[in-house]
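K.L.:
This is the structure I have questions about; it appears just below.
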Amino acid sequence: MKKVTKLSQIAEIIERIKNQKKIDLKEVEKLKHQLDEEEKISRNYLQITQKGIFAKNIKRALKWNKKVIDLKEELNALMNKKSSNFIP
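Now the structure itself:
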């Protein structure tokens, strides 16, 4: 449940950034770092579930991994779209 809450908070921050005219580069880098860490954890958990240790949690692991990847793609698209509006 903790990871779902953290991903929800990150999604809210990304939505808030989308609505800003000027984007703080430090905040974006912080989000990117958080998503990288979440991706590492989610991939490890997915590998563990696929090896059968926690086989009953495969669906949860897949959803978590997909959510992390979707948020990373959304952040990258936002960075590419608004690259000229960054505040150093």
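Take 98 as the starting number for the sequence shown in the working numbering and just add one per residue.
Ideal Cβ placement from N, Cα and C applies to all residues, glycine included.
Measure the CB-CB distance between leucine 159 and leucine 132 and report whether it falls below 8 Å.
P.N.:
No, they are not a contact pair.
K.L.:
What is the DSSP secondary structure of methionine 98, reduced to helix, strand or coil?
P.N.:
Bear in mind that a pLDDT of 41 at methionine 98, under 50, signals an unreliable position, so the number given afterwards is only what the model happens to contain. Of the three classes helix, strand and coil, the one that applies to methionine 98 here is coil, per DSSP.
K.L.:
Hey, quick one: how far does the alpha helix (DSSP H) through asparagine 177 stretch, first residue to last?
P.N.:
Looking at the DSSP string, the run of the alpha helix (DSSP H) that includes asparagine 177 is 155-178.
K.L.:
Is threonine 102 buried or exposed, if buried means 16 or more other CB atoms sit within 10 Å of its CB?
P.N.:
That one is exposed.
K.L.:
Excluding sequence positions up to five away, which residues of its chain have a Cβ less than 8 Å from the Cβ of lysine 163?
P.N.:
The answer is none, since no qualifying residue turns up.
K.L.:
Measure the C-alpha to C-alpha separation of lysine 178 and glutamate 136 and round it to an integer number of angstroms.
P.N.:
In a straight line, the C-alpha of lysine 178 is about 23 Å away from that of glutamate 136.
K.L.:
I need the DSSP call for isoleucine 145, collapsed to helix, strand or coil.
P.N.:
Looking at isoleucine 145 - three-state DSSP - the assignment turns out to be helix.
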